[in-house]
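Asker:
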Amino acid sequence: MISAGDFKNGLTLEINGQVMQIVEFQHVKPGKGAAFVRTKMKNIINGGVVETTFRPTEKFPAARIDRKTMQYLYFDGDLYNFMDPETFDQIMINQDVVGDSMKFVKENEECKVVSYNGNVFAIEPPLFVELEVTETEPGFAGNTAQGASKPATVETGATVQVPLFVNIGDVIKIDTRTGEYLSRV
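In the working numbering, each number is its position in the sequence shown, counted from 1, plus 2.
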């Protein structure tokens with residue numbers, strides 16, 4: 003059990019049957035009245051953010067979030083298939099759970115499968131991926147003082163804004179958190 007007086011950023015708790023992660027917290031001691039803890043928490047299952055206050059003596063159980071490295075095998079209909087590289091157990095995860103997190107991930111790459119009490123609620127792709135450009139328009143000279151860019155489609159089907167010098171067949175490095183082009187490889 004963790005008391006509200008011991009809150010830290012990033013701490014994951016079970017509050018009123020929901021799994022919440024503390025984004026911000028502040029201990030407040032008003033001139034009149036009892037002290038309290040003002041928090042901003044994110045529901046890690048559905049992503050909702052809530053601001054709440056607690057008495058410093060309130061206690062909550064810590065939530066155990068499991069992150070397991072698994073290999074992405076293939077996409078079949080509306081199910082993503084993953085394999086545990088140690089035990090070779092395979093699991094299927096619905097497309098609704100995965101969302102957009104797999105748009106830069108190729109088959110056979112490793113991802114982190116995030117679960118709470120055995121229920122998978124998110125997929126964390128690698129932070130950076132290297133993908134080949136399969137489709138883009140040729141770059142042409144012009145006003146490039148502002149760092150001109152053009153759309154390019156990579157081998158997973160996702161579209162990324164790239165500089166004009168990137169051509170079809172080039173391998174580029176992409177940040178999966180923002181979807182931004184980083185460099186040519």
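All residues carry an ideal CB built from backbone N, CA and C; glycine is no exception.
Source: prediction; values computed, not measured.
(1) By DSSP, does residue 99 sit in helix, in strand, or in coil?
(2) Please classify residue 3 as buried or exposed, where buried requires at least 16 neighbouring CB atoms within 10 angstroms.
(3) Label residue 133 either buried or exposed according to how many other C-beta atoms from any shown protein chain fall within 10 Å of its C-beta, with 16 as the threshold for buried.
(4) Counting C-beta neighbours from all protein chains within 10 Å, is the total for residue 167 16 or more, i.e. buried, or is it exposed?
(5) Taking only the alpha-carbon atoms, compute the straight-line gap between residue 104 and residue 5 and give it to the nearest angstrom.
(6) Using the beta-carbon count (16 or more within 10 Å), is residue 150 buried or exposed?
(7) In three-state terms, what does DSSP make of residue 37?
(8) Could you please give the first and the last residue of the uninterrupted beta strand (DSSP E) stretch that includes residue 121?
(9) Between the Cα of residue 30 and the Cα atoms of 12, 55, 47, which residue gives the shortest distance?
(10) Applying the criterion that 16 or more other CB atoms from any shown protein chain within 10 Å of the CB defines a buried residue, is residue 64 buried or exposed?
(11) Decide if the stretch 126-140 is in contact with the stretch 173-182; the criterion is three or more beta carbon pairs, one per stretch, under 8 Å apart.
(12) Which stretch, first to last residue, makes up the beta strand (DSSP E) that contains residue 70?
(13) According to DSSP, is residue 6 helix, strand or coil?
(14) Compute the distance between the beta-carbons of residue 128 and residue 111, then report whether it is under 8 Å.
(15) Could you compute how far the alpha carbon of residue 97 sits from the alpha carbon of residue 80?
(16) What does the Cβ neighbour count give for residue 184, buried or exposed, with the cut at 16 atoms within 10 Å?
(17) Using the Cα positions of residue 19 and residue 49, report the straight-line distance between them to the nearest angstrom.
(18) Which same chain residues, not among the five before or five after residue 59, have their C-beta less than 8 Å away from its C-beta?
Answerer: The structure says:
(1) Indexing the sequence shown from 1 puts residue 99 at position 97. Helix at residue 99.
(2) For the purposes of this step, residue 3 is identified with residue 1 of the sequence shown, where counting begins at 1. So residue 3 counts as exposed.
(3) By 1-based counting over the sequence shown, the position of residue 133 is 131. With 16 or more Cβ atoms within 10 Å of its Cβ, residue 133 is classed as buried.
(4) Counted from its first residue, the sequence shown places residue 167 at position 165. By the 10 Å Cβ count, residue 167 comes out exposed.
(5) By one-based count along the sequence shown, residue 104 stands at place 102. By one-based count along the sequence shown, residue 5 stands at place 3. Going from the Cα of residue 104 to the Cα of residue 5 covers about 37 Å.
(6) As a first step, residue 150 is located in the sequence shown; it is residue number 148 there, counting from the start. Answer is exposed; the Cβ neighbour count stays below 16.
(7) If you number the sequence shown from 1, residue 37 lands on position 35. Coil at residue 37, not helix or strand.
(8) In the sequence shown, residue 121 corresponds to position 119, counting from 1. Residues 121-126.
(9) Position 28 of the sequence shown, counted from the first residue, corresponds to residue 30. Comparing Cα-Cα distances from residue 30 to each of 12, 55, 47, the minimum goes to 55.
(10) Locating residue 64 in the sequence shown gives position 62, counting from the first residue. By the Cβ-count criterion, residue 64 is exposed, with fewer than 16 other Cβ atoms from all chains shown falling within 10 Å of its own Cβ.
(11) yes
(12) Position 68 of the sequence shown, counting from 1, holds the residue named residue 70. Here the beta strand (DSSP E) through residue 70 covers 67-78.
(13) For the purposes of this step, residue 6 is identified with residue 4 of the sequence shown, where counting begins at 1. If DSSP states are grouped into helix, strand and coil, residue 6 belongs with the helices.
(14) Indexing the sequence shown from 1 puts residue 128 at position 126. Indexing the sequence shown from 1 puts residue 111 at position 109. Judged by their CB atoms, residue 128 and residue 111 are nearer to each other than the 8 Å cut-off.
(15) Against the sequence shown, residue 97 aligns to sequence position 95. Against the sequence shown, residue 80 aligns to sequence position 78. Cα to Cα, residue 97 sits roughly 5 Å from residue 80.
(16) Start at 1 with the first residue of the sequence shown, and residue 184 comes out as number 182. Per the 10 Å Cβ criterion, exposed.
(17) Reading the sequence shown from its first residue, position 17 is the one you call residue 19. Reading the sequence shown from its first residue, position 47 is the one you call residue 49. Rounded to whole angstroms, residue 19 to residue 49 spans 15 Å at the Cα level.
(18) Here the question's residue 59 lines up with position 57 in the sequence shown. Here residue 59 has 5, 6, 7 as same chain residues with Cβ atoms under 8 Å from its own Cβ, once five neighbours each way along the sequence are excluded.
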